[in-house]
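Here the working numbering is used: the first residue of the sequence shown is 133, the next is one more, and so on.
Structure, as structure tokens:
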Amino acid sequence: MEHLLKGLNEGQRAAVLATEGPVLVLAGAGSGKTRVITLRTGHLLERRVAPENILAMTFTKKAAGEMRERIGALVGKDRAELLTIGTFHSFCVKLLRHYHEAAGLPPNFTICDASDQLSAARGALRELRIGDATLQPAALQARISLLKNKLATPESVLAGAGDDRDELIGRAWAKYQEHLDRARLVDFDDLLLMACRLLKKDERVRQELERIFRYVMVDEYQDTNGPQYEIVRAIAGRHQNLCVVGDDVQSIFGWRGADVTKILSFEKDFPKAKVVRLEVNYRSTAPILEAANQLIANNPKRHGKVLRSAQGSGEPIRFLRSEDEAGEADWIALDILEGVRKRMFHYMDCAILFRSNTQPRVFEQSFRTRNVPYVLIGGMSFFDRKEVRDVLAYLRLAQNPLDEPSFLRVLNCPPRGIGKTTIEKTLAFATEHGITVPQAFARASEIGGLPQAAVESVHILRDKLARFGKQDPGRTLVHWIRELLEAVDYRSEVDRAYPDPKMREDRWNAVTQVLDMAENHVRRGKQPGLASFLEDLSLSAEDERDEGEGQKKNAVTLMTVHSSKGLEFPRVYLAGVEEGILPHLRSVAEDTVEEERRLMYVAITRAQKHLTVTWTKSRSKYGTRIESMPSRFVFEMRGEKPPKGWRAAGIDEKDAERTERSEKAKERKAKNESKAAAKATTRKRKQRPAAS
């Protein structure tokens, strides 16, 4: 046992040894939490806990893979393979596949991606005859996702509708769900919701999971939403061997359903919980951590925790105010160029962090002008490329012929002579009869005015896909995909769409990458096949959007603060730290500044040795130049009060003047009261009788 504990600090050691009952590990930024989770699992296995009895939940596939790899290095790869380690979504997929009948799902349900969800949202709004001017499909989809993560339902939204918009969202959500159900599609949020409902309604399933998973661990617990929390409680609620690891002051995903109250109320939910604090930071120098501690002290709702640096003292944080956003970008570009020229650091050591996706544009322009190599994280995902989406749509259709979004995507890809009017008539028929578009084409004789040639083209396509979908190809997956693409003549679509030979070859390379991924899946999978491959790709696509691409070359990294979570860099430039940007104006209006402060905390703690915070005197907004105010967070991290004339976001000059007059009046009143109290004390002293 001692070999596992060697080199651990007091907090880490306590977390590894706390194996029984509920445990809350408050792991500060850079405090070695991954090491603790790994060693804790190793310790459980050393205590002869069967690996099959351990469940570890993470939030990304990458984190799950790293955890399994580290545990494998400790206890052996074979034992590590027997552990159940994965994301919440991957765990729920396996659960729903295994208990599909109890969950009320067909065995071949398909997981739809973000684009398919958008198509379903668009279809729901079309069916209700609601135009984009009233409600955008993307806005509807985002709203539905947030509501699902809060365990709401279309019925509960309609019942509690406070205005017309709420009622509209409730009705559109119900139609959106009908679209998914007809096509046997399940979206990412439904994976969690359906697993949650299954565990609540089916006691047999819940007891079976409770018996199997005697020890449950959850990483990044501060990011859990309603369904995830309920799943964990259902499995671990009785034996209570639940260890959650997280940091409430790094909870920054409330906008997509994460609920910080889950980690804040853990001791209330589990009264016998042991709380372990990891407060030694191995990443950042003392000045960086002192600023982070001072900043986050302004958030009243948090667990008490103060980070201490194991790195010791370091350079003070630099603060810079530029004339405008172009000057800010140029100064940072020149600062990096000078440091690289003097061989003080490499380009890849530097990261520029932003609050919003619009900020990097001026940096890209400056970096290109000055030949500073950079990589922008958060660009187009591999899975968002047209060719990749087309190929995956064909594969999904072979598995699930009722997949309407995939069907509509490839109907004329390559062109099959199916016109817009034909599609619109078939869509109207499908909507009227509550069926999918593929089913509507099967009843084409009932739809008046459809050209026979177009109908025949659809039948030929569906027959081809049906032949390929008769049975799962298993280990012949790569050959099967090649044959399918040849059968539908997909190469001609790429040739048609891209006349330039170089571009055409580049686009076809994306198709061959799908074949490479299939080959890897067959080589590494225990039971490879089409269903498992599509499932793996769906989960990988979602992970890629969360994680970004990471650093692959010697270049400066440009990324949002949200994307930087979990990463670290020797040099960090935090740009545009202004009122209305960080904190965002919307957060001020919605009273969610505490989450913005946590976001700033995350940004600060990405820096290992050097941190530079910048803002501008003025910034262009909607074509108009406006005065900028340094963020309140700049003053908080320095332990200062904002100077005279400073204005908070959302407050105009007149409001600021009124606030200033009010504050001065309060100060005068306090001074007068203090003087009056002092005079009263003096009088009392004079009136006291002399000591005898």
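Where a beta carbon is used, it is the ideal one built from N, C-alpha and C, also for glycine.
Discussion item. Considering only the alpha carbon of each residue, which of V377, V407, L136 and I613 lies closest to V827?
Written reply: Missing from the structure shown is residue 827; the chain here goes from 133 to 824 and no further.
Item to complete: Locate the alpha helix (DSSP H) running through T608, then write down its first and last residues.
Response: First-last for T608: undefined, no H or E at that position.
Item to complete: Pull up the distance between the alpha-carbon of R388 and that of K282, whole angstroms please.
Response: 10 Å
Item to complete: Whole angstroms is fine: what's the gap from P505's alpha carbon to C482's?
Response: 11 Å
Worksheet item: To which residues of the same chain is T744 closer than 6 Å at the C-beta, ignoring the five residues directly before and after it?
Response: R450 and Y705
Worksheet item: By how many angstroms is the C-alpha of S498 removed from the C-alpha of L617?
Response: 43 Å
Fill in: Within the region 261 to 302, ranges of the beta strand (DSSP E) (whole runs, at least 3 residues)
none
Worksheet item: Ends of the alpha helix (DSSP H) at M769?
Response: R764 to R770
Practice prompt. Within its chain, find whatever has a CB closer than 6 Å to the CB of C244; leave out the 5 residues flanking it on each side and keep chain order.
Written response: L317 and D319
Worksheet item: With burial defined as no fewer than 16 other Cβ atoms inside 10 Å of the residue's Cβ, what is the status of L324: buried or exposed?
Response: buried
Fill in: Three-state secondary structure (DSSP) of L714
coil
Worksheet item: Should N425 be labelled buried (16 or more other beta-carbon atoms within 10 Å of its own) or exposed?
Response: buried
Fill in: Three or more C-beta pairs below 8 Å linking the region 391 to 399 and the region 355 to 363
yes
Fill in: Alpha-carbon spacing of T173 relative to I203, whole angstroms
7 Å
Worksheet item: Distance, Cα to Cα, L136 vs H175?
Response: 7 Å
Practice prompt. Report yes if the CB atom of M827 is closer than 8 Å to the CB atom of E711, and no otherwise.
Written response: With the chain covering 133 to 824 only, the question about residue 827 has no answer from this structure.
Worksheet item: Does DSSP put Q740 in a helix, in a strand, or in coil?
Response: strand
Worksheet item: In terms of residues, what are the limits of the beta strand (DSSP E) holding T170?
Response: No beta strand (DSSP E) holds T170; the alpha helix (DSSP H) holding it covers K165 to E178.
Worksheet entry | Residue environment, V438, which counts as buried when at least 16 other CB atoms sit within 10 Å | exposed
Practice prompt. Give the DSSP-derived three-state secondary structure of V181 in the structure shown.
Written response: coil
Discussion item. Once the 5 residues before and after V408 are set aside, which same chain residues still bring their CB inside 8 Å of it?
Written reply: G143, A146, A147, A150, V155, L156, V157 and L158
Practice prompt. Give the secondary structure of S441 by DSSP, where H, G and I count as helix, E and B as strand, and everything else as coil.
Written response: strand
Practice prompt. Can you check the region 398 to 486 for any beta strand (DSSP E) of at least 3 residues that lies completely inside it and give the ranges in chain order?
Written response: 406 to 410, 450 to 454 and 482 to 486
Discussion item. Quick check on this structure: which residue in V207, E198 and V337 has the alpha carbon closest to the alpha carbon of V181?
Written reply: V207
Worksheet item: Roughly how many angstroms separate the alpha carbons of I363 and R493, rounded to a whole number?
Response: 42 Å
Worksheet item: Rounded to the nearest angstrom, how far is the Cβ of A327 from that of L227, given a contact under 8 Å?
Response: 5 Å
Discussion item. I'd like to check one pair, L671 with H221: are the Cβ atoms closer than 8 Å?
Written reply: yes
Worksheet entry | Opening and closing residue of the beta strand (DSSP E) in which F701 lies | F701 to L706
Worksheet item: Rounded to a whole number of angstroms, what is the C-alpha to C-alpha distance between L597 and D516?
Response: 23 Å
Item to complete: Locate the beta strand (DSSP E) running through P550, then write down its first and last residues.
Response: The amino acid occupying residue 550 in the given sequence is Ile; Pro does not appear at that position. Element bounds for I550: n/a, residue is neither H nor E.
Practice prompt. Find the nearest neighbour of A235 within the set E335, G302, L279 and P269, judged by alpha-carbon distance.
Written response: E335
Discussion item. Measuring alpha carbon to alpha carbon, tell me which residue in A735, W778, L272 and F495 is nearest A423.
Written reply: A735
Fill in: 8 Å Cβ cutoff met for E152 and N413
no
Discussion item. Taking 8 Å as the threshold (C-beta atoms), are N185 and R365 in contact?
Written reply: no
Fill in: A146: first and last residue of the uninterrupted beta strand (DSSP E) it sits in
Premise fails: A146 lies in the alpha helix (DSSP H), E142 to L149, not in any beta strand (DSSP E).
Practice prompt. Reducing DSSP to helix, strand and coil, say where G580 ends up.
Written response: coil
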